[in-house]
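Worksheet for the structure shown next.
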Amino acid sequence: MSTQVSSISPKRVTTHTLLAMKAEGQKISMLTAYDFSFAKILDEAGIDVLLVGDSASNVVAGHETTLPITLDQMIYHASAVVRAARRALVIVDMPFGTYQGDSKTALQSAIRIMKESGAHAVKLEGGEFVVESVKRIISAGIPVMGHLGLIPQSIYKFGTYTVRAKAEAEAGQLIKDAKLLEDAGCFGLVLEKIPAELAGKVTNILKIPTIGIGAGPLCSGQVLVTHDMLGITKDFSPRFLRRYANLYETMSDAFKRYAADVKSGSFPDYEKESY
Ligand code: KIV
């Protein structure tokens with residue numbers, strides 16, 4: 003757990019704090035958050051960055067992919083997270099279809115996220131083809147994080163969730179995209195499911211921090227989907243996922259005991275739990 007932000011930063015973690023953390027060799031902790039209660043626990047535990055990921059589409063709404071979640075739904079999740087975050091930087095995923103069309107639409111979507119949720123930055127997926135949108139959003143004063151490697155919004159283009167950029171040509175393109183995104187003004191980059199060596203190389207080339215998920219230990223920081231690392235989603239077990247709890251079992255056990263108590267009549271107790 004990283005509660006230490008050193009002398010560089012005041013209380014709130016900012017995009018500048020993250021840059022300074024990379025420069026100082028301090029690792030950045032990031033986890034996803036979609037609601038007030040989880041965000042409060044994450045923030046108070048000292049997690050540096052809360053990502054309102056479009057993975058809400060999977061873990062909250064039960065969709066197979068991240069594609070269906072809407073801008074309104076992302077704003078709803080983000081506002082709840084913002085209300086809980088006292089210290090952490092809150093970054094919101096721009097959902098599928100809200101930035102790929104043209105840079106004007108991208109800016110309008112980013113403005114809605116910032117204005118209506120109170121979040122601090124947005125994240126969007128892709129390389130060269132989103133650079134114009136990245137520049138336009140940043141020119142309006144909105145910090146942008148990039149996302150390369152496995153980009154789940156393009157799942158139907160790639161067909162699988164396997165490791166990306168193993169081949170030399172794809173690795174070369176990823177390095178080129180990373181540089182383009184840094185030059186466009188991104189304050190950080192998520193690297194998803196790529197070889198650790200490539201992630202290390204990108205991290206060394208860039209000044210901005212890289213946040214890995216399935217990209218090995220050489221990134222400037224790490225992110226996981228909170229429901230996965232807590233063991234709430236028990237059927238998702240990729241190699242990169244370290245489970246820090248087995249909440250599926252804990253919660254299931256609590257629910258079963260509650261149901262049994264209700265059915266047996268032992269809850270609520272007449273003396274201690276009634277008025
Ligand atoms: O939506 C999400 O949770 C993400 C992380 C996997 C980086 O984009």
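When you read off a place in the sequence shown, starting at 1, and then add 2, the result is the number in this note's numbering. The beta-carbon is built from N, C-alpha and C at its ideal position, and this holds for glycine as well.
With a 10 Å radius around the Cβ and a threshold of 16 neighbouring Cβ atoms, residue 180 comes out buried. For residue 258, the secondary structure class from DSSP, reduced to helix, strand or coil, is helix.
For residue 233, the CB contacts under 8 Å within the same chain, skipping 5 residues up- and downstream, are 245, 246, 247, 248, 249, 250, 251 in chain order. Residue 86 sits close to residue 42, with the two beta carbons spaced by under 8 Å.
Here the region 152-167 makes no contact with the region 130-144; the two share fewer than three CB pairs at distances below 8 Å. When secondary structure is reduced to three states using DSSP, residue 194 falls in the strand class.
The region 256-274 makes no contact with the region 62-74, as fewer than three CB pairs between them are under 8 Å.
With fewer than 16 other beta carbons inside 10 angstroms of its own, residue 207 counts as exposed. A straight-line Cα-Cα distance of about 6 Å links residue 115 and residue 77. For the pair of segments examined, the region 148-159 was found not to touch the region 44-54: the number of CB pairs separated by less than 8 Å stays below three.
With distances taken between CA atoms, residue 33 lies nearest to 213 out of 131, 218, 277, 213. Assigned with DSSP and collapsed to three states, residue 125 falls in strand.
No heavy atom of the ligand KIV is found nearer than 7 Å to the CB of residue 16. Membership of residue 224 in the beta strand (DSSP E) is indicated by the continuous run 223-226.
Judged by beta-carbon spacing, residue 95 lies beyond the 8 Å limit of residue 128, meaning their Cβ atoms are not closer than that value. CA-to-CA, the gap between residue 171 and residue 201 works out to about 15 Å. Distance from the C-beta of residue 225 to the nearest heavy atom of the ligand KIV is below 7 Å. When only Cα atoms are considered, residue 204 and residue 217 end up about 11 Å apart. Taking the Cβ atoms as the reference, residue 240 lies roughly 19 Å from residue 223, outside the contact range of under 8 Å. Spanning the alpha carbons of residue 137 and residue 112 requires a straight line of approximately 12 Å. Proximity to residue 60 across 17, 47, 35 peaks at 35, based on C-alpha coordinates.
Under the three-state reduction of DSSP, residue 31 is assigned to strand.
In the DSSP secondary-structure assignment, residue 15 is not bridged to any residue. Per DSSP, residue 212 is one residue of the beta strand (DSSP E) stretching across 212-215. Close CB contacts of residue 83 within its chain, under the 6 Å cut and outside five residues either way in sequence, are with 35, 41, 52, 54, 92 (chain order). Exposed is the label assigned to residue 27, since fewer than 16 other Cβ atoms lie within 10 Å of its Cβ.
Cα atoms of residue 68 and residue 276: separation of roughly 44 Å, rounded to the nearest angstrom. Taken through DSSP and simplified to helix, strand or coil, residue 151 comes out as strand. Short of 7 Å from the beta carbon of residue 119, and not among the five residues preceding or following it, lie these beta carbons of its own chain, in chain order: 77, 80, 81, 84, 94.
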